Ligand SMILES: [Zn+2]
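Residue numbers (our numbering): -6 to 341.
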């Protein structure tokens, strides 16, 4: 068995003594690592206890990754953004209507400074093993016909800053149509901020591992979703990233799709000397037979995935996004992890 790491995301964290019980439950469910999903509010308000909670997890033997969850609504996730709350500007702008969107433009100096300062503060003060870049994307990411979403032509960002940067690089006004140059410009700027943040983190904490998790979509010749991180070769070869990860898939999708995405994930990781990570859905939706989770985990393990992760702890129990049988899903995930995790990486 090749799987070295198994884990779940964990949010709503406030008190280390309560988190300790949950971490022990994760270890009983054969997890050896945890992703702390940190909203802007958590970081702003609960910072002293984030330090303690990370230490509690480490003391129990778990590896700890920090997820900049939903920050600026640039990363995936449900939490609201304090940056957007406090800034009427520095927003992404629709290319078709020029309207500002409810997402920060990560190419603006204001947002970059804000994001780097969060990362640096976390790197200095929280004893974590790494950071998790959680589904970063431009607003209005879906474009063209897609298996995971409808067709859409509008895109972002065409704010003043992006337009000025584009014109500086290409020598003409940024088009409203997504040309090849626009695609390239968007992808390069989207990676630039993550690369710089990763470098700053490693300058502070050289052992930090950076996991970059992109949407698990086809992105081939015919179908591309234009989220900005669609060119997996570009993401894979970014030297400051250590793990190439792709997100959860709907259980409604055919198993051949699970295989294809996983093969491409492992291929990109190996090509660029990274470890691979695949995600399992453990909230909201469940397969017709819950035991299929075990088969999918085994499929990923057989295909050579290094790290298996699931969103989220206890199947999202108690949230609006709970799986119908959340706790049953959670127990099945624990069994699946127990079968695929290499025993030498298991927390005793
Ligand atoms: Zn912009």
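Yeah, the Cβ is synthetic: ideal placement off N, Cα and C, and Gly gets one too. These numbers were taken from a predicted model, which means no experiment stands behind them.
C-beta contact flag for residue i and residue j at 8 Å
i, j, result
"residue 298", "residue 256", "no"
"residue 56", "residue 26", "yes"
"residue 122", "residue 214", "no"
"residue 327", "residue 22", "yes"
"residue 11", "residue 128", "no"
"residue 33", "residue 72", "yes"
"residue 329", "residue 287", "yes"
"residue 190", "residue 221", "no"
"residue 49", "residue 99", "no"
"residue 227", "residue 292", "no"
"residue 97", "residue 115", "no"
"residue 310", "residue 279", "no"
"residue 83", "residue 104", "yes"
"residue 51", "residue -2", "no"
"residue -4", "residue 235", "no"
"residue 333", "residue 294", "yes"
"residue 369", "residue 91", "The structure shown has nothing for residue 369, since the chain only spans -6 to 341."
"residue 201", "residue 194", "yes"
"residue 233", "residue 282", "no"
"residue 325", "residue 284", "yes"
"residue 39", "residue 74", "no"
"residue 273", "residue 289", "yes"
"residue 35", "residue 43", "yes"
Residue from the options with nearest C-alpha to residue i
i, options, result
"residue 223", "131, 306, 197 and 194", "131"
"residue 126", "-5, 328, 29 and 312", "29"
"residue 203", "275, 303 and 267", "267"
"residue 5", "305, 333 and 260", "305"
"residue 107", "252, 64, 133 and 20", "64"
"residue 31", "149, 112, 235 and 133", "112"
"residue 339", "312, 276, 300 and 156", "300"
"residue 101", "74, 152 and 148", "152"
"residue 219", "173, 196, 237 and 230", "173"
"residue 260", "225, 281 and 249", "225"
"residue 196", "109, 75, 179 and 284", "109"
"residue 240", "231, 198 and 275", "275"
"residue 265", "237, 42 and 247", "237"
"residue 317", "331, 284, 323 and 277", "277"
"residue 186", "231, 159 and 148", "231"
"residue 158", "273, 177, 147 and 341", "177"
"residue 133", "163, 258 and 150", "150"
"residue 0", "24, 18, 20 and 9", "24"
"residue 179", "80, 148, 229 and 95", "148"
"residue 198", "80, 118, 331 and 337", "118"
"residue 205", "163, 341, 258 and 249", "258"
"residue 47", "247, 242, 93 and 124", "124"
"residue 262", "250, 242 and 296", "296"
"residue 217", "18, 62, 181 and 146", "146"
"residue 66", "53, 94, 249 and 192", "94"
"residue 54", "250, 18 and 249", "18"
"residue 41", "80, 62, 20 and 9", "9"
Residue-level contact to chain C via CB, residue i, 8 Å cutoff
i, result
"residue 220", "Here there is only one protein chain, and chain C is not present."
Closer than 7 Å: residue i CB and nearest ligand 3 heavy atom
i, result
"residue 110", "With respect to small molecules bound, the structure shown includes ligand 1 and not ligand 3."
- With a cut-off of 8 Å, do at least 3 Cβ pairs link the region 161 to 178 to the region 71 to 87? A contact between stretches requires three or more CB pairs, one per stretch, nearer than 8 Å, and the region 161 to 178 fails this requirement with the region 71 to 87.
- Length-filtered (4 minimum) alpha helix (DSSP H) runs lying within the region 249 to 301: The region 249 to 301 contains these whole alpha helix (DSSP H) runs: 285 to 295.
- Task: Would you mind listing the alpha helix (DSSP H) stretches within the region 37 to 122 that are 4+ residues and don't spill past its ends, in chain order?
- Result: Entirely contained in the region 37 to 122, the alpha helix (DSSP H) runs reaching 4 residues are, in chain order, 40 to 52, 75 to 79 and 102 to 118.
- Item | Environment of ligand 1 in chain order, Cβ to heavy atom below 6 Å | In chain order, the qualifying residues are 85, 98, 100, 150, 152, 154 and 155.
- Task: At 3 residues or longer, and completely inside the region 160 to 228: list those beta strand (DSSP E) runs for me, N to C.
- Result: Here the runs fully enclosed are 202 to 207.
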